[in-house]
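Just below is one structure, and these are the notes that go with it.
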């Protein structure tokens, strides 16, 4: 092979973000950045909203089905009711007739509770009962949602047995009753409504009809009334296919069969160890034990690094936990103060020094046995004998409870829970603890009705895996990673046996001949949609690198940083909250400086470093952090930069921790004297200075000092660093581990798949993972330009940092880091515990960040300015290499149009207009200007509008006149308007804050009138809407959503756009159409669109544009050269676009005709 064609060994870097993947290729021998780029894509839309609409559609279909069955039932019994009906469709005329004769159905329903009503009235109210059947089972709500809901509602005391009586009472006072549950704290169950209905039919109305015939009718009606799809069965049936249901077609595609027992079997994720096993519920008893034992094995104390809880300690803790929870009273859980006594017993000499606050991760609560304790309390309540329950019997006890918990997870209906718990296996288990069948049944009923169980989440492991490791968690100090990979453990042995069986069945792919990495594993991975999309795009980039550079580069290493688990909105919200908190603290500092020190200064007058110094100064109560007898002059701190310095408590070269919890402000002389020591080493542990230092920082805590962020345990973390007595070799590895060893599930899944691919390709490369803050730390140390989040180049730069880091880090060390306790340290060297082989020195093992930062500085940075400048930036040569690409969005599973239905009306000029409803509280912006003519009320009920104007005139002094008017009317008529007149102000505010109820209340002779909305006329373009045919075209859907844009030329030879939407195209599942082919469209509708836009009918599609389609600006340079399409304004025949490499500073918009004169469509690979 010639020198020019020599294949170069390279390292890849991937920076996975939410909506982006940065990638880079680095030469292993020189650390030169050869290629780099940023791949961008839209964050996926969550399916929650679509599921909501789908649920509404199904509910409507089910109601229609029940109504149809009811109409047929009434038609069959027409003679009994004395009704003259020609067919079942005429039943609907009864509802219309009764509705026109009666002001409100509530009067007839209330009457029917006490006396016989007319047959037509009975049919009418039975139809209403069928529409409103109440809730069938309790829905478990989280505490926060409960509190919010309770805060917005008025406490309500029920007086009657029947819901209609309660509604009638409410109606008489407030003039309405539908939706009262949203305002007052009352709910009506299906059972309660059914009791009322049976009273109406059997006790009252039966007097009028033949007994035998009427009883038969009642039985058939109740069957319709009670019918409900089983929650666990999901949608669809053996007669009706649903892709979300438990029925699937056979191979011939003709017959539907039940493939799953319930929807959870179909939708639940698979175990991360045993791929055919379902994941276990997160709160099931055995999983709770697993979580608690894992936490106990991970407990460490900063002053006793070698200590761990022994097996006997854990046995004692669990036995005491069982004993405490078998007593009456609240649930008891394990806390750090309980664990502290075991640590003190381990080494009595430490007794005076050891505190709960010094446990590592003390701010993170230990796992609880919440579900297990609920079960235990219910056992005791029903007379069970749990005298033999202890740590030795707990695991088997938990297994029995797991079977019951799975039923609770799978079924929401109490009856279904009871029915499915009563299996022989469960009854045999329960009979061990109860004396008789009655106790067992009472226990089952209590458990089935308990709404405190949390059943929505699953663990990453199956019960099969959990059962194999729980004993080992108790009897060793090791964790899952040990059990998976160390030969003496049961889990390791079962994994080997299990994989052999899968291989025999052809279900385990041990090797792959494919050149490229397969992304199909993502379908089963239980990770957030944002992370799943990010991983899918990374695999595309990885595969394209292999394809594009197959004859040029050989990949030997990969460095990657995973995206966050939350979505972009959550990330932005987190940043905004932190910025707000920072601003509040700085504003407080500025105020204190002015009031207490006479220093007048604004936040804009001081730089970031000085702001940090000031925050630390006030956290330290004005003292030098180490020499706590020395007070710092705050004026000199602000105006003399050399007077004080910020010091890293644990030296940065060891900890790589640049957070505020590892920073203090000290006098310059103090910092020079401390150098790279710990405070304990600098002051001397046994000196008076160290005693004073500890006393100061113990007393100056977050309860006393408000400049600490107590919510984030800022003081506790800083104190842990300040009081540390030594940094041993294990600590150094732990610090390195914080920047490496990303332990999130999504990271592990991807890492595992990369390693599988490498293994099947002759161990082609090794992989190193890095944690989130690593690149920002290295960017700073390497002298690169500050990260500009508005410019997408930072993804590619961060990927380059990861590649250089991975290239200069030994892969066998990463292997040990991912498996804790696999190494031991002796005389500054690290040894593999299994082989005894030396794998490097401590400095090599802990990833010598300083050396890597020097490489970054040499290879990626240059001076920013002339030769004398101290400032540096990212090399221009690297910035010019960056390639950009964006994923084109071809999403056909969209919401077809805006969900809102609008009405129409001919206006005062005889023109058909769109009717828009607005809150009555917005009417002020329409009055006294040209918009007043648009108010429908002005032309149909001018007296009403005049009355509203009079109110506004009376309250013209107020900024919110209708709000103040409402408060006054509540006060004046509190007896009539309020449930609790003494609490009228709270009820008034709740009324105004409840969007479903807030209205303008007008006093009338008959009571009160409530006006929630007012109507306005709005321009209507009949060519841009979809009229609803079954409503006689008097209403319509607006705003069609498009998936693509067709580019045509009109009869003036100008470019025009035709959007592909529900007007011209019939959307179908799993179809990826060719939109260049006009035959795929609805021909008549496409013809109308062409005629409307003056497009000759024989003109064909010239181009198809999607969201994300990239264009090159032929007149653009730099960042403005490449753009992508974001939005289309088809009414104005225009598009909006954004730059591929940076955020837009403003909206870029052009008509398509102007746009295509200077922009040319380009087809880029995923690399750009």
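Numbering (the working numbering), first residue to last: 9 to 1176.
Think of the CB as a built atom: it goes at the ideal place given N, C-alpha and C, for glycine as much as any other residue.
| Item | Value |
| --- | --- |
| Pairwise C-alpha distance: residue 649 and residue 877 | 20 Å |
| Residue 799 versus 612, 676, 712 and 1151, residue with shortest Cα-Cα distance | 1151 |
| Of the listed residues 32, 51, 37 and 38, nearest to residue 44 (C-alpha basis) | 32 |
| The ligand MG heavy atom lying under 6 Å from the CB of residue 44 | The ligand content of the structure shown is nil, which means the ligand MG is not present either. |
| Contact belief for residue 932 with residue 922 at Cβ below 8 Å, rounded distance in angstroms | Contact flag wrong, Cβ pair sits at about 22 Å. |
| Collapsed DSSP secondary structure at residue 717 in the structure displayed | coil |
| DSSP three-state assignment for residue 1066, whether helix, strand or coil | strand |
| Beta-carbon separation (whole angstroms), residue 233 vs residue 141, contact threshold 8 Å | 7 Å |
| Cut-off 7 Å between Cβ atoms - residues of its own chain near residue 299, not counting five sequence neighbours on either side | 375 |
| Alpha-carbon spacing of residue 406 relative to residue 479, whole angstroms | 13 Å |
| Distance CB(residue 1130)-CB(residue 1143) smaller than 7 Å | no |
| Residues bridged to residue 567 [DSSP beta-bridge criterion] | 21 and 776 |
| Residue 1160 versus residue 1139: straight-line alpha-carbon distance, rounded | 12 Å |
| Backbone CA spacing between residue 864 and residue 1068 [nearest angstrom] | 49 Å |
| Rounded Cβ spacing between residue 413 and residue 604 (contact assumed at less than 8 Å) | Actually they are not in contact, since the Cβ atoms of residue 413 and residue 604 sit about 58 Å apart, beyond 8 Å. |
| Nearest-angstrom beta carbon gap, residue 344 and residue 364 [assumed within contact, 8 Å] | 5 Å |
| Residue 794 to residue 788 span [Cα, whole Å] | 7 Å |
| Cβ neighbour criterion (16 or more within 10 Å) applied to residue 512 | exposed |
| Cutoff 7 Å: residue 286 Cβ touching any chain B Cβ | Looking for chain B here will not work: only one protein chain is present. |
| CB-CB length for residue 117 against residue 136, believed under 8 Å | 7 Å |
| Euclidean distance between Cα positions of residue 98 and residue 205 | 24 Å |
| For residue 419 and residue 725, the rounded distance between their alpha carbons | 44 Å |
| Segment contact, 8 Å Cβ cut-off, at least three pairs: the stretch 882-893 with the stretch 1005-1017 | no |
| Outcome for residue 390 when other beta-carbon atoms lying within 10 angstroms are tallied against a minimum of 16 | buried |
| Local Cβ density within 10 Å of residue 165, reported as buried at 16 or more and exposed below that | Residue placement at residue 165 cannot be trusted, given a pLDDT of 48 that sits under 50; what the coordinates show is reported in the next sentence. When all chains shown are included, residue 165 counts as exposed. |
| Segments assigned alpha helix (DSSP H), at least 4 residues, entirely inside the stretch 1108-1173 | 1160-1166 |
| Rounded straight-line distance, which links the Cα of residue 417 to that of residue 919 | 57 Å |
| Cβ-Cβ distance between residue 318 and residue 474 below 7 Å | no |
| At least three beta-carbon pairs within less than 8 Å, the stretch 457-467 to the stretch 433-445 | no |
| Distance, residue 47 Cα to residue 549 Cα | 8 Å |
| Segment limits, alpha helix (DSSP H) that includes residue 198 | 198-206 |
| Residue 450 vs residue 384 beta-carbon contact at 7 Å | no |
| Cβ distance (whole Å) where residue 1172 is taken to contact residue 714 below 8 Å | Contact flag wrong, Cβ pair sits at about 53 Å. |
| Reference residue 468; option with closest CA among 732, 678, 286 and 1042 | 286 |
| Three-state secondary structure assigned by DSSP to residue 624 | helix |
| Coarse secondary structure for residue 880, derived from DSSP in three states | strand |
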